[in-house]
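>
Numbering (the UniProt record's numbering), first residue to last: 1 to 254.
1) Can you give me the Cβ contacts of residue 219 inside the same chain, cut-off strictly under 6 Å, excluding the 5 residues immediately before and after it?
2) Any chance the CB of residue 119 is under 7 Å from a heavy atom of the ligand FMN?
3) Classify residue 211 as helix, strand or coil using the three-state DSSP reduction.
4) Tell me whether residue 200 sits in a helix, a strand or coil according to DSSP, three-state version.
5) Do residue 204 and residue 190 count as a contact pair if the criterion is CB distance below 8 Å?
6) So what's residue 153 in DSSP terms, helix, strand or just coil?
7) Buried or exposed: residue 244, going by 16 or more other Cβ atoms within 10 Å of its Cβ?
8) Output the boundary residues of the beta strand (DSSP E) element that contains residue 241.
9) Between residue 188 and residue 211, which are expected to be in contact by the criterion C-beta below 8 Å, what is the C-beta distance as a whole number of angstroms?
10) Pull up the distance between the alpha-carbon of residue 58 and that of residue 67, whole angstroms please.
11) With 16 as the cutoff for other CB atoms within 10 Å, does residue 34 come out buried or exposed?
12) How many whole angstroms separate the CB atoms of residue 114 and residue 139, which I take to be in contact at a CB cut-off of 8 Å?
13) Can you find the residues in the same chain that come closer than 6 Å, C-beta to C-beta, to residue 25, ignoring five residues on each side of it along the sequence?
14) Label residue 146 either buried or exposed according to how many other C-beta atoms from any shown protein chain fall within 10 Å of its C-beta, with 16 as the threshold for buried.
15) Please check the pair residue 133 and residue 111, which I expect to be a contact at CB under 8 Å, by giving their CB distance rounded to whole angstroms.
16) Residue 90 to residue 69, Cα distance in whole Å?
17) Roughly how many whole angstroms lie between the Cα atoms of residue 88 and residue 183?
18) Determine whether the beta carbon atoms of residue 129 and residue 144 lie at a separation below 8 Å.
19) With distances taken from CA atoms, which of 75, 61, 109 is nearest residue 52?
In structure tokens, the structure reads:
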């Protein structure tokens, strides 16, 4: 029997173009598919953020019974727009305005909301007058004003809020005397002060709150001696300092 010879030639341009397609088809048919994770695939596709529902549309949705909150994370709002809120908006329980800019005048409408329990206003220069206005909204339980223009005098007005349990404040005019004002709000359970120069004495004042469970202080003036006292006398208190969790165990290992 004569031998059979196979002659291998370089594939032509058309055949060469078919090779990758044929190979991919074969791999897919036998179960070899792309194993990229959703996170990896997401990194390959540019995702356009969904447009934010504006204030007027969220207001209409709430008044129709389909929502209990208004949340704006990207869209600024002004005091004039807030004039649309009235004491008839009993459905509105949560108001979060993260892009500003609410001033004292806009708080007049907010304070009239009878069921509002969570208020967050970022980039809003609320002054002492504004805090006094907020104190009329007796249903408030959570108040977050990280960029206010208030002083300790205005913070003291918050003692009129019987249900206030979470307070987060930051502002260039909040001094060490803010501690005494915070200590006067006896309903507080969680306190977060940002850039407020609370010292060791102020720490003791805030720690005297009868229901205090957690304390967050960023850029305070508390010394190591002050912290040692706090951990010795309040071992169960949850403490964060400059965005880091601290407790007695962590202190002992430093």
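Yeah, the Cβ is synthetic: ideal placement off N, Cα and C, and Gly gets one too.
On a predicted model such as this, the values are computed, not experimentally measured, just so you know.
In this structure, then:
1) 195
2) As far as ligands go, the structure on display features none, and thus does not contain the ligand FMN.
3) coil
4) helix
5) no
6) helix
7) exposed
8) 238–241 is the extent of the beta strand (DSSP E) around residue 241.
9) 7 Å
10) 8 Å
11) Annotation note: pLDDT 48 at residue 34 (below 50); position unreliable, coordinate value reported separately. So residue 34 counts as exposed.
12) 7 Å
13) At residue 25, the pLDDT of 49 sits below 50, so the modelled position is not reliable; the number obtained from the coordinates is stated separately. Closer than 6 Å at the Cβ level, and outside the excluded window around residue 25, lies no residue.
14) Answer is buried; the Cβ neighbour count reaches 16.
15) 5 Å
16) Their Cα atoms are separated by approximately 11 Å.
17) Their backbone Cα atoms lie some 34 Å apart in a straight line.
18) no
19) 75
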